[in-house]
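For the protein sequence lines, the chains are H and E, in the order given. First residue of the first sequence? That's 1 in my numbering, and the numbers climb one at a time after it. First residue of the second sequence? That's 117 in my numbering, and the numbers climb one at a time after it. We treat Cβ as the ideally placed atom computed from N, Cα and C, and that holds for glycine. As structure tokens, the structure follows; a few thoughts come after it.
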Amino acid sequence: DTEVTQTPKHLVMGMTNKKSLKCEQHMGHRAMYWYKQKAKKPPELMFVYSYEKLSINESVPSRFSPECPNSSLLNLHLHALQPEDSALYLCASSQDPWGAQYYGYTFGSGTRLTVV
Amino acid sequence: GESVGLHLPTLSVQEGDNSIINCAYSNSASDYFIWYKQESGKGPQFIIDIRSNMDKRQGQRVTVLLNKTVKHLSLQIAATQPGDSAVYFCAERPPGGGADGLTFGKGTHLIIQP
Numbered sequence: 001d002t003e004v005t006q007t008p009k010h011l012v013m014g015m016t017n018k019k020s021l022k023c024e025q026h027m028g029h030r031a032m033y034w035y036k037q038k039a040k041k042p043p044e045l046m047f048v049y050s051y052e053k054l055s056i057n058e059s060v061p062s063r064f065s066p067e068c069p070n071s072s073l074l075n076l077h078l079h080a081l082q083p084e085d086s087a088l089y090l091c092a093s094s095q096d097p098w099g100a101q102y103y104g105y106t107f108g109s110g111t112r113l114t115v116v
Numbered sequence: 117g118e119s120v121g122l123h124l125p126t127l128s129v130q131e132g133d134n135s136i137i138n139c140a141y142s143n144s145a146s147d148y149f150i151w152y153k154q155e156s157g158k159g160p161q162f163i164i165d166i167r168s169n170m171d172k173r174q175g176q177r178v179t180v181l182l183n184k185t186v187k188h189l190s191l192q193i194a195a196t197q198p199g200d201s202a203v204y205f206c207a208e209r210p211p212g213g214g215a216d217g218l219t220f221g222k223g224t225h226l227i228i229q230p
């Protein structure tokens with residue numbers, strides 16, 4: 001299995017809703033990432049998990065709450081989002097968070113989130 | 117066809133021609149660089165990578181060039197095909213390994229004309 005799987009592919013939620021995005025990989029990668037991508041813009045890093053521990057939070061608002069239950073799963077819990085949070089949310093993984101390794105990062109297809 | 121300047125968002129080339137996509141990166145200490153292709157509605161797809169101790173790397177129909185002096189990357193695609201139509205991003209990894217994530221460049225939309 002050489003994929004990163006994200007669910008759902010599309011999500012529409014109201015500003016008072018609570019929802020979760022899920023990401024799964026079975027490549028044995030020990031670093032997992034959440035990126036946010038607005039239309040016609042590059043992906044922007046939100047969170048980094050290394051060995052299931054949160055190592056980077058790029059000043060993301062608390063209405064986004066990441067969780068890494070185990071080495072294969074990554075969740076992003078959403079609560080009280082704003083319309084400007086509508087975007088493509090991408091999950092990625094890489095093999096070695098700390099070593100001098102040179103492996104490409106594998107991205108999922110993303111969840112297209114619309115906040116209404 | 118060749119992109120003019122480093123921040124041209126769209127590059128249009130004839131099918132069969134060679135394409136050159138340019139990218140400026142920000143951190144002179146970045147040690148690893150990756151080119152990604154992103155098609156509409158999909159996540160970024162790995163194309164080719166290069167380490168900072170290299171100047172050039174070749175893959176199938178693609179070549180990446182790295183100029184550390186001016187912090188510049190380029191992606192050359194030979195004999196461009198309709199399936200090459202996509203947005204292309206360069207990405208850099210700062211020192212510290214994968215724990216820091218990737219920083220992406222602005223992207224170039226490659227359009228293939230028949």
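C-alpha distance - residue i paired with residue j, whole-angstrom precision
i: Tyr103 (chain H); j: Tyr35 (chain H); result: 18 Å
i: Pro83 (chain H); j: Thr114 (chain H); result: 7 Å
i: Ser86 (chain H); j: Ser59 (chain H); result: 18 Å
i: Arg167 (chain E); j: Gln95 (chain H); result: 16 Å
i: Leu189 (chain E); j: Leu182 (chain E); result: 5 Å
i: Glu109 (chain E); j: Pro230 (chain E); result: Because chain E in this structure spans residues 117 to 230, residue 109 (chain E) falls outside the shown range and cannot be described.
i: Ser156 (chain E); j: Ala194 (chain E); result: 22 Å
i: Lys18 (chain H); j: Val203 (chain E); result: 32 Å
i: Thr185 (chain E); j: Pro69 (chain H); result: 43 Å
i: Arg177 (chain E); j: Met13 (chain H); result: 43 Å
i: Met27 (chain H); j: Ser142 (chain E); result: 30 Å
i: Val4 (chain H); j: Asn57 (chain H); result: 21 Å
i: Met170 (chain E); j: Ser135 (chain E); result: 21 Å
i: Leu81 (chain H); j: Arg63 (chain H); result: 6 Å
i: Ser20 (chain H); j: Thr106 (chain H); result: 21 Å
i: Asp147 (chain E); j: Leu90 (chain H); result: 23 Å
i: Leu191 (chain E); j: Ile228 (chain E); result: 16 Å
i: His29 (chain H); j: Pro125 (chain E); result: 33 Å
i: Asn75 (chain H); j: Asp216 (chain E); result: 19 Å
Per-residue contacts from residue i into chain E (C-beta, under 9 Å)
i: Leu90 (chain H); result: Gly159 and Pro160
i: Ser109 (chain H); result: Gly157, Lys158 and Gly159
Beta-carbon spacing of residue i, residue j below 8 Å
i: Ser109 (chain H); j: Gln25 (chain H); result: no
i: Gly221 (chain E); j: Ala140 (chain E); result: yes
i: Ile150 (chain E); j: Leu218 (chain E); result: yes
i: Pro43 (chain H); j: Pro210 (chain E); result: no
i: Cys23 (chain H); j: Gln37 (chain H); result: no
Within chain H, partners of residue i - CB distance below 9 Å
i: Lys218 (chain E); result: Position check: residue 218 (chain E) holds Leu in this sequence, whereas Lys was assumed. What Leu218 (chain E) touches in chain H: Tyr33, Tyr35, Pro43, Leu45, Ala92, Ser94 and Tyr105.
Proximal chain H residues relative to residue i, where beta-carbon distance stays under 8 Å
i: Ile150 (chain E); result: Gly104 and Tyr105
Chain E residues whose Cβ lies nearer than 8 Å to that of residue i
i: Val60 (chain H); result: Per Cβ cutoff of 8 Å: no residues; Val60 (chain H) is ~13 Å from chain E at best.
One or two residues paired with residue i in a DSSP bridge
i: Met13 (chain H); result: H:Val115
i: Gln6 (chain H); result: H:Cys23
i: Leu73 (chain H); result: H:Glu24 and H:Asn70
i: Val48 (chain H); result: H:Tyr33 and H:Ile56
i: Gln229 (chain E); result: E:Gln130
i: Ser93 (chain H); result: H:Met32 and H:Thr106
i: Lys18 (chain H); result: H:His79
Interface residues of chain H facing residue i [CB-CB closer than 7 Å]
i: Lys222 (chain E); result: Pro42
i: Asp200 (chain E); result: Correct list: empty, because the minimum Cβ distance to chain H is about 19 Å.
Every unbroken alpha helix (DSSP H) inside the region 151 to 197 of chain E [4 residues or more]: none
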